[in-house]
Amino acid sequence: MSQPILLTDEQMRRFISHGYLILDTDFSAEFHETMSQKIRKVMQAEGNPGNNILPRVPEVQEVFKHPVIRGALTSVLGPDYIMHPHRHCHFTEPGRRVQSWHKDSYWGYAKVRNHHQWWAMIFYYDHAVDEAMGPSAIMPGTQYYNNRPGDETEQDVHMLGGPGRFALIHYDLWHRGTANNSTTTRSMLKFQFVRMSRPTAPTWDHAGAAWAPMNGDGPPNRHETVWQHQWNWLSARHDAGKGAHVNGQLGGLIDGLSADQKQTRLAAADEIGLLGSDAADAVAALAARLGDDYEPVAVNAAYALANMGNPGVAALTSALQNGDKD
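Per this note's numbering, the very first residue in the sequence shown carries number 32; after that it's consecutive.
Right, here's the structure in full:
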(Lines of atoms letter the chains of each structure in order from A; the text may use other names.)
(Lines give C-alpha, C1' and ligand atoms only; values in the text may rest on other atoms or scores of the structure.)
Protein backbone atom coordinates (compact mmCIF):
# COMPACT_ATOMS: atom_id res chain seq x y z
CA MET A 32 0.00 0.00 0.00
CA SER A 33 1.38 3.43 -0.93
CA GLN A 34 2.24 6.02 1.69
CA PRO A 35 -0.56 8.38 2.77
CA ILE A 36 -0.50 11.87 1.28
CA LEU A 37 -0.64 14.07 4.36
CA LEU A 38 -2.30 17.46 4.56
CA THR A 39 -0.14 20.58 4.39
CA ASP A 40 -0.01 23.32 7.02
CA GLU A 41 -2.29 25.47 4.86
CA GLN A 42 -4.84 22.67 4.51
CA MET A 43 -4.78 22.06 8.26
CA ARG A 44 -5.31 25.77 8.95
CA ARG A 45 -8.31 25.75 6.68
CA PHE A 46 -9.76 22.59 8.22
CA ILE A 47 -9.31 23.91 11.77
CA SER A 48 -11.03 27.21 10.96
CA HIS A 49 -13.67 26.18 8.41
CA GLY A 50 -14.37 22.63 9.61
CA TYR A 51 -14.11 20.97 6.21
CA LEU A 52 -11.83 20.29 3.24
CA ILE A 53 -12.53 19.13 -0.31
CA LEU A 54 -10.23 16.24 -1.25
CA ASP A 55 -9.11 15.37 -4.78
CA THR A 56 -8.21 11.79 -5.70
CA ASP A 57 -7.11 10.12 -8.92
CA PHE A 58 -9.82 7.45 -9.11
CA SER A 59 -10.98 6.94 -12.68
CA ALA A 60 -14.43 7.90 -13.92
CA GLU A 61 -15.04 4.19 -14.50
CA PHE A 62 -14.34 3.47 -10.82
CA HIS A 63 -17.04 5.90 -9.69
CA GLU A 64 -19.48 4.72 -12.34
CA THR A 65 -19.06 1.10 -11.24
CA MET A 66 -19.44 2.14 -7.60
CA SER A 67 -22.60 4.07 -8.40
CA GLN A 68 -24.12 1.11 -10.23
CA LYS A 69 -23.39 -1.29 -7.35
CA ILE A 70 -24.81 1.10 -4.75
CA ARG A 71 -27.99 1.70 -6.74
CA LYS A 72 -28.47 -2.02 -7.38
CA VAL A 73 -28.38 -2.76 -3.64
CA MET A 74 -30.61 0.19 -2.74
CA GLN A 75 -33.23 -0.69 -5.34
CA ALA A 76 -33.25 -4.43 -4.62
CA GLU A 77 -32.96 -4.44 -0.83
CA GLY A 78 -33.61 -0.95 0.45
CA ASN A 79 -31.09 1.02 2.45
CA PRO A 80 -28.74 -1.39 4.28
CA GLY A 81 -27.72 1.26 6.82
CA ASN A 82 -24.54 0.23 8.62
CA ASN A 83 -24.27 -2.77 6.30
CA ILE A 84 -23.50 -0.66 3.23
CA LEU A 85 -19.84 -1.67 3.48
CA PRO A 86 -20.36 -5.47 3.51
CA ARG A 87 -23.06 -5.12 0.85
CA VAL A 88 -20.76 -3.04 -1.39
CA PRO A 89 -17.28 -4.09 -0.23
CA GLU A 90 -15.64 -2.16 -3.07
CA VAL A 91 -16.30 0.97 -1.01
CA GLN A 92 -13.33 -0.04 1.15
CA GLU A 93 -11.05 0.84 -1.79
CA VAL A 94 -12.06 4.47 -1.32
CA PHE A 95 -10.63 4.55 2.19
CA LYS A 96 -7.39 2.89 1.14
CA HIS A 97 -6.55 5.76 -1.20
CA PRO A 98 -3.44 7.69 -0.05
CA VAL A 99 -5.26 11.05 -0.21
CA ILE A 100 -8.12 9.83 2.01
CA ARG A 101 -5.81 7.99 4.42
CA GLY A 102 -3.51 11.00 4.52
CA ALA A 103 -6.31 13.41 5.35
CA LEU A 104 -7.65 11.19 8.14
CA THR A 105 -4.15 10.56 9.52
CA SER A 106 -3.48 14.29 9.53
CA VAL A 107 -6.51 15.20 11.65
CA LEU A 108 -7.00 11.99 13.70
CA GLY A 109 -3.53 10.47 14.01
CA PRO A 110 -2.10 7.32 12.40
CA ASP A 111 -4.06 4.93 14.62
CA TYR A 112 -7.54 6.21 13.72
CA ILE A 113 -10.34 3.68 13.23
CA MET A 114 -13.44 3.50 11.06
CA HIS A 115 -16.58 3.75 13.20
CA PRO A 116 -19.13 0.93 12.64
CA HIS A 117 -21.91 3.46 11.98
CA ARG A 118 -22.09 4.57 8.35
CA HIS A 119 -24.92 5.45 5.99
CA CYS A 120 -25.81 5.87 2.34
CA HIS A 121 -27.98 8.95 1.88
CA PHE A 122 -30.19 8.04 -1.08
CA THR A 123 -32.17 11.19 -1.80
CA GLU A 124 -35.05 10.66 -4.18
CA PRO A 125 -36.67 13.37 -6.33
CA GLY A 126 -39.10 15.48 -4.33
CA ARG A 127 -37.24 15.18 -1.02
CA ARG A 128 -37.66 18.41 0.92
CA VAL A 129 -34.84 20.37 2.47
CA GLN A 130 -33.64 19.05 5.85
CA SER A 131 -33.32 21.17 8.96
CA TRP A 132 -29.82 22.29 9.90
CA HIS A 133 -28.37 19.83 12.39
CA LYS A 134 -25.31 18.23 13.92
CA ASP A 135 -25.10 14.45 13.92
CA SER A 136 -25.53 12.91 17.36
CA TYR A 137 -23.14 10.70 19.28
CA TRP A 138 -25.79 8.00 19.61
CA GLY A 139 -28.02 10.43 21.50
CA TYR A 140 -25.39 11.87 23.85
CA ALA A 141 -24.94 15.53 22.91
CA LYS A 142 -22.58 16.27 25.81
CA VAL A 143 -19.87 14.15 24.20
CA ARG A 144 -19.10 17.04 21.82
CA ASN A 145 -15.48 18.10 22.02
CA HIS A 146 -13.79 20.96 20.18
CA HIS A 147 -10.61 18.91 20.00
CA GLN A 148 -10.38 16.77 16.88
CA TRP A 149 -11.48 13.31 18.03
CA TRP A 150 -14.08 12.55 15.37
CA ALA A 151 -14.41 13.23 11.64
CA MET A 152 -16.50 12.21 8.65
CA ILE A 153 -15.88 11.58 4.97
CA PHE A 154 -18.65 12.42 2.51
CA TYR A 155 -18.26 10.57 -0.81
CA TYR A 156 -20.33 11.34 -3.90
CA ASP A 157 -20.14 8.49 -6.42
CA HIS A 158 -21.75 10.57 -9.19
CA ALA A 159 -21.93 14.20 -10.31
CA VAL A 160 -24.14 16.44 -8.16
CA ASP A 161 -25.73 19.70 -9.29
CA GLU A 162 -27.83 22.24 -7.41
CA ALA A 163 -31.16 20.72 -8.45
CA MET A 164 -30.27 17.29 -7.04
CA GLY A 165 -30.32 18.36 -3.40
CA PRO A 166 -26.61 18.58 -2.52
CA SER A 167 -25.35 18.46 1.03
CA ALA A 168 -24.95 21.93 2.55
CA ILE A 169 -22.48 22.82 5.29
CA MET A 170 -22.07 25.95 7.39
CA PRO A 171 -18.32 26.70 7.58
CA GLY A 172 -16.82 27.51 10.96
CA THR A 173 -19.80 26.36 13.05
CA GLN A 174 -18.18 23.22 14.46
CA TYR A 175 -17.40 25.12 17.68
CA TYR A 176 -21.01 26.26 18.29
CA ASN A 177 -23.69 24.35 20.16
CA ASN A 178 -26.34 26.57 18.55
CA ARG A 179 -26.55 28.11 15.11
CA PRO A 180 -25.59 31.81 14.99
CA GLY A 181 -28.91 32.66 13.32
CA ASP A 182 -27.56 35.81 11.67
CA GLU A 183 -25.72 37.12 8.62
CA THR A 184 -22.67 34.95 9.40
CA GLU A 185 -24.58 31.82 8.33
CA GLN A 186 -23.07 31.33 4.89
CA ASP A 187 -23.75 27.83 3.61
CA VAL A 188 -21.63 25.95 1.07
CA HIS A 189 -23.12 23.29 -1.20
CA MET A 190 -21.19 20.14 -2.11
CA LEU A 191 -21.36 20.32 -5.91
CA GLY A 192 -19.17 18.82 -8.60
CA GLY A 193 -18.27 15.84 -10.72
CA PRO A 194 -18.23 12.18 -9.67
CA GLY A 195 -15.75 11.26 -6.99
CA ARG A 196 -16.06 14.38 -4.88
CA PHE A 197 -14.83 13.82 -1.32
CA ALA A 198 -15.23 16.07 1.70
CA LEU A 199 -13.45 15.75 5.05
CA ILE A 200 -15.87 17.12 7.65
CA HIS A 201 -15.47 17.97 11.33
CA TYR A 202 -18.09 15.82 13.05
CA ASP A 203 -19.73 18.76 14.84
CA LEU A 204 -20.14 21.01 11.78
CA TRP A 205 -23.71 22.18 11.15
CA HIS A 206 -25.02 20.65 7.90
CA ARG A 207 -28.15 19.51 6.07
CA GLY A 208 -29.41 17.94 2.87
CA THR A 209 -31.07 20.38 0.49
CA ALA A 210 -34.22 19.80 -1.56
CA ASN A 211 -34.00 17.42 -4.51
CA ASN A 212 -35.84 19.25 -7.29
CA SER A 213 -34.45 17.05 -10.06
CA THR A 214 -35.60 13.78 -11.60
CA THR A 215 -32.46 11.97 -10.39
CA THR A 216 -31.83 10.18 -7.10
CA ARG A 217 -28.77 11.63 -5.39
CA SER A 218 -26.55 9.30 -3.35
CA MET A 219 -23.85 10.14 -0.84
CA LEU A 220 -21.88 7.80 1.42
CA LYS A 221 -21.12 9.11 4.90
CA PHE A 222 -18.48 7.30 6.96
CA GLN A 223 -17.23 8.22 10.43
CA PHE A 224 -13.70 7.95 11.80
CA VAL A 225 -12.41 8.26 15.36
CA ARG A 226 -9.11 9.28 16.93
CA MET A 227 -7.76 6.67 19.36
CA SER A 228 -5.06 8.64 21.19
CA ARG A 229 -4.11 12.20 22.07
CA PRO A 230 -1.58 13.87 19.77
CA THR A 231 2.07 13.61 20.77
CA ALA A 232 3.37 15.36 17.64
CA PRO A 233 1.93 16.79 14.42
CA THR A 234 0.71 14.00 12.13
CA TRP A 235 0.38 16.08 8.97
CA ASP A 236 3.06 17.46 6.61
CA HIS A 237 4.08 20.06 9.18
CA ALA A 238 6.76 22.65 8.43
CA GLY A 239 7.29 23.39 12.13
CA ALA A 240 5.60 26.76 12.14
CA ALA A 241 3.33 28.17 14.81
CA TRP A 242 -0.30 28.99 14.05
CA ALA A 243 -0.53 31.70 11.38
CA PRO A 244 -3.59 33.98 11.61
CA MET A 245 -6.21 33.54 8.90
CA ASN A 246 -6.12 37.29 8.10
CA GLY A 247 -9.58 37.42 6.62
CA ASP A 248 -9.44 34.01 4.92
CA GLY A 249 -11.38 32.29 7.70
CA PRO A 250 -15.14 31.90 8.13
CA PRO A 251 -17.25 35.01 8.94
CA ASN A 252 -16.74 34.91 12.72
CA ARG A 253 -13.13 35.25 13.85
CA HIS A 254 -11.90 32.79 16.50
CA GLU A 255 -8.10 33.07 16.30
CA THR A 256 -7.69 32.04 19.96
CA VAL A 257 -9.85 28.95 19.37
CA TRP A 258 -8.08 28.03 16.14
CA GLN A 259 -4.63 28.58 17.62
CA HIS A 260 -5.54 26.33 20.55
CA GLN A 261 -6.69 23.53 18.21
CA TRP A 262 -3.47 23.86 16.19
CA ASN A 263 -1.38 23.67 19.34
CA TRP A 264 -3.33 20.69 20.68
CA LEU A 265 -2.87 18.82 17.41
CA SER A 266 0.82 19.77 17.46
CA ALA A 267 1.24 18.73 21.12
CA ARG A 268 2.29 22.31 21.93
CA HIS A 269 1.36 24.49 24.89
CA ASP A 270 -0.65 27.63 24.26
CA ALA A 271 1.33 30.83 24.65
CA GLY A 272 0.25 34.46 24.65
CA LYS A 273 1.94 37.40 22.96
CA GLY A 274 2.46 39.62 25.96
CA ALA A 275 4.55 42.16 24.10
CA HIS A 276 1.34 43.62 22.70
CA VAL A 277 -0.44 44.10 26.03
CA ASN A 278 0.83 47.55 26.96
CA GLY A 279 -1.73 50.21 26.14
CA GLN A 280 -4.09 47.71 24.54
CA LEU A 281 -5.83 45.78 27.28
CA GLY A 282 -8.00 48.59 28.64
CA GLY A 283 -9.59 49.23 25.28
CA LEU A 284 -10.18 45.53 24.73
CA ILE A 285 -11.87 45.18 28.12
CA ASP A 286 -14.16 48.08 27.18
CA GLY A 287 -14.90 46.29 23.92
CA LEU A 288 -16.26 43.29 25.82
CA SER A 289 -19.27 45.36 26.92
CA ALA A 290 -19.94 46.98 23.53
CA ASP A 291 -23.44 46.84 22.08
CA GLN A 292 -22.14 45.47 18.78
CA LYS A 293 -21.66 41.70 18.93
CA GLN A 294 -18.77 41.76 16.45
CA THR A 295 -16.91 44.23 18.69
CA ARG A 296 -17.37 41.92 21.69
CA LEU A 297 -16.32 38.94 19.56
CA ALA A 298 -13.11 40.63 18.39
CA ALA A 299 -12.25 41.92 21.87
CA ALA A 300 -12.53 38.47 23.47
CA ASP A 301 -10.46 36.99 20.65
CA GLU A 302 -7.68 39.57 20.98
CA ILE A 303 -7.54 39.18 24.76
CA GLY A 304 -7.27 35.43 24.38
CA LEU A 305 -4.19 35.83 22.19
CA LEU A 306 -2.51 37.84 24.97
CA GLY A 307 -2.50 34.88 27.34
CA SER A 308 -1.63 35.21 31.03
CA ASP A 309 -0.47 38.81 30.62
CA ALA A 310 -4.12 39.82 30.22
CA ALA A 311 -5.19 38.53 33.65
CA ASP A 312 -6.81 41.90 34.45
CA ALA A 313 -9.53 40.96 31.97
CA VAL A 314 -10.68 37.84 33.84
CA ALA A 315 -13.78 39.39 35.43
CA ALA A 316 -14.90 41.04 32.19
CA LEU A 317 -14.40 37.81 30.25
CA ALA A 318 -16.26 35.77 32.86
CA ALA A 319 -19.22 38.10 32.43
CA ARG A 320 -19.27 37.25 28.71
CA LEU A 321 -19.58 33.48 29.29
CA GLY A 322 -23.32 34.03 29.25
CA ASP A 323 -23.31 36.32 26.21
CA ASP A 324 -26.48 36.07 24.14
CA TYR A 325 -24.31 35.57 21.04
CA GLU A 326 -22.65 32.17 21.45
CA PRO A 327 -19.55 32.98 19.31
CA VAL A 328 -18.65 35.67 21.87
CA ALA A 329 -19.06 33.19 24.73
CA VAL A 330 -16.84 30.69 22.89
CA ASN A 331 -14.07 33.27 22.50
CA ALA A 332 -14.42 34.33 26.14
CA ALA A 333 -14.12 30.74 27.38
CA TYR A 334 -10.98 30.11 25.32
CA ALA A 335 -9.48 33.41 26.40
CA LEU A 336 -9.95 32.44 30.05
CA ALA A 337 -8.48 28.98 29.46
CA ASN A 338 -5.46 30.61 27.82
CA MET A 339 -4.72 32.71 30.91
CA GLY A 340 -3.68 29.91 33.21
CA ASN A 341 -4.82 29.65 36.81
CA PRO A 342 -6.86 32.90 37.10
CA GLY A 343 -8.84 32.11 33.97
CA VAL A 344 -9.34 28.45 34.83
CA ALA A 345 -10.62 29.49 38.26
CA ALA A 346 -13.26 31.67 36.59
CA LEU A 347 -14.31 28.83 34.31
CA THR A 348 -14.48 26.42 37.25
CA SER A 349 -16.64 28.86 39.18
CA ALA A 350 -19.04 29.16 36.25
CA LEU A 351 -19.36 25.38 36.09
CA GLN A 352 -19.83 24.98 39.82
CA ASN A 353 -22.53 27.63 39.87
CA GLY A 354 -24.51 25.74 37.29
CA ASP A 355 -24.09 28.28 34.49
CA LYS A 356 -25.72 26.55 31.53
CA ASP A 357 -23.97 28.80 29.03
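For every residue, glycine included, the Cβ atom is placed at its ideal position computed from N, Cα and C. On a predicted model such as this, the values are computed, not experimentally measured, just so you know.
task: Report the partner residues of residue 58 according to the DSSP bridge assignment.
output: Counting from one through the sequence shown, the residue named residue 58 turns up at place 27. Answer by DSSP bridge pairing: none, since residue 58 is not bridged.
task: Could you name the residues that DSSP lists as bridge partners for residue 198?
output: Mapped onto the sequence shown, residue 198 falls at position 167. Residue 198 pairs with 53 and 154.
task: Evaluate the contact criterion for the segment 158–173 versus the segment 77–95: three or more CB pairs, one atom per stretch, below 8 Å.
output: no
- prompt: Which residues mark the beginning and the end of the alpha helix (DSSP H) in which residue 295 is found?
  reply: Looking up residue 295 in the sequence shown gives position 264. Taken as a continuous stretch (DSSP letters only), the alpha helix (DSSP H) holding residue 295 covers 293–306.
- prompt: Do you know offhand how far residue 109's Cα is from residue 291's?
  reply: Indexing the sequence shown from 1 puts residue 109 at position 78. Indexing the sequence shown from 1 puts residue 291 at position 260. Using only the alpha carbons, I get a separation of about 42 Å.
- prompt: Skipping 5 residues on each side, what residues in its chain have a beta carbon closer than 6 Å to that of residue 284?
  reply: Your numbering for residue 284 matches position 253 in the sequence shown. Contacts found: 299, 302 and 303.
message: Nearest by alpha-carbon distance to residue 52: which of 117, 190 and 239 is it?
response: Here residue 52 is taken as the residue at index 21 of the sequence shown, counted from 1. Minimum Cα distance to residue 52 is reached at 190.
Outcome for residue 315 when other beta-carbon atoms lying within 10 angstroms are tallied against a minimum of 16: On the sequence shown, position 284 is the one that residue 315 refers to. Exposed, since its Cβ has fewer than 16 Cβ neighbours within 10 Å.
- request: Less than 8 Å between the CB atoms is what I'm expecting for residue 257 and residue 296, so what's the real figure, rounded?
  value: By 1-based counting over the sequence shown, the position of residue 257 is 226. By 1-based counting over the sequence shown, the position of residue 296 is 265. Incorrect: roughly 15 Å between the Cβ atoms, too far for contact.
Cβ neighbours of residue 122 in the same chain (closer than 7 Å, five flanking residues each side left out): Counting from 1 along the sequence shown, the entry for residue 122 is found at position 91. Within the same chain, residue 122 has close Cβ partners 74, 79, 216 and 218.
- prompt: Among the residues of its own chain, which have a CB less than 7 Å from the CB of residue 334, if the five just before and after it don't count?
  reply: Sequence index remark: in the sequence shown, residue 334 carries index 303 (1-based). Answer for residue 334: 256, 257, 260 and 304, listed in chain order.
- prompt: residue 263 and residue 235 look like a contact to me (Cβ under 8 Å); what is the Cβ gap, rounded to whole Å?
  reply: The residue given as residue 263 occupies position 232 in the sequence shown. The residue given as residue 235 occupies position 204 in the sequence shown. Contact flag wrong, Cβ pair sits at about 14 Å.
- prompt: DSSP three-state call for residue 238: helix, strand or coil?
  reply: Counting from 1 along the sequence shown, the entry for residue 238 is found at position 207. Correct three-state label for residue 238: coil.
- prompt: Nearest to residue 342 by alpha carbon, out of 152, 324 and 317?
  reply: As a working note, residue 342 is residue 311 in the sequence shown. The option with the nearest alpha carbon to residue 342 is 317.
query: What first and last residue would you give for the alpha helix (DSSP H) that runs through residue 233?
result: Along the sequence shown, read from residue 1 onward, the residue named residue 233 stands at position 202. Residue 233: not part of any alpha helix (DSSP H); DSSP gives it neither H nor E.
message: Is it the case that the segment 184–203 contacts the segment 54–67, given that we only count it when at least three CB pairs across the two stretches are under 8 Å?
response: yes
- prompt: Hey, which unbroken runs of the alpha helix (DSSP H) at 4 residues or more fall wholly within the segment 68–101?
  reply: 84–87 and 92–96
field: Paired residues, beta bridge with residue 118 - DSSP
entry: Counting from 1 along the sequence shown, the entry for residue 118 is found at position 87. Its beta-bridge partners are 222.
Nearest candidate by alpha-carbon position, reference residue 155, set 267, 198, 212 and 231: Locating residue 155 in the sequence shown gives position 124, counting from the first residue. Ranking the options by Cα distance to residue 155, first place goes to 198.
message: Between which residues of its own chain and residue 186 is the CB-CB distance below 8 Å, once the five residues before and five after are set aside?
response: In the sequence shown, counting from the first residue as 1, residue 186 sits at position 155. Cβ neighbours of residue 186 beyond the five flanking positions: 170, 171, 250 and 251.
message: Can you give me the C-alpha to C-alpha distance between residue 337 and residue 313, rounded to a whole angstrom?
response: For the purposes of this step, residue 337 is taken as the residue at position 306 of the sequence shown. For the purposes of this step, residue 313 is taken as the residue at position 282 of the sequence shown. Residue 337 and residue 313: Cα-Cα distance of roughly 12 Å.
task: For residue 179, I'd like the list of residues in its chain whose CB is within less than 8 Å of its CB, leaving aside the five on either flank, ordered along the chain.
output: The residue labelled residue 179 in the question sits at position 148 within the sequence shown. Contacts found: 132, 170, 173, 185 and 205.
query: Taking DSSP as the reference, what is the three-state secondary structure of residue 269?
result: By 1-based counting over the sequence shown, the position of residue 269 is 238. Looking at residue 269 - three-state DSSP - the assignment turns out to be coil, as it is neither helix nor strand.
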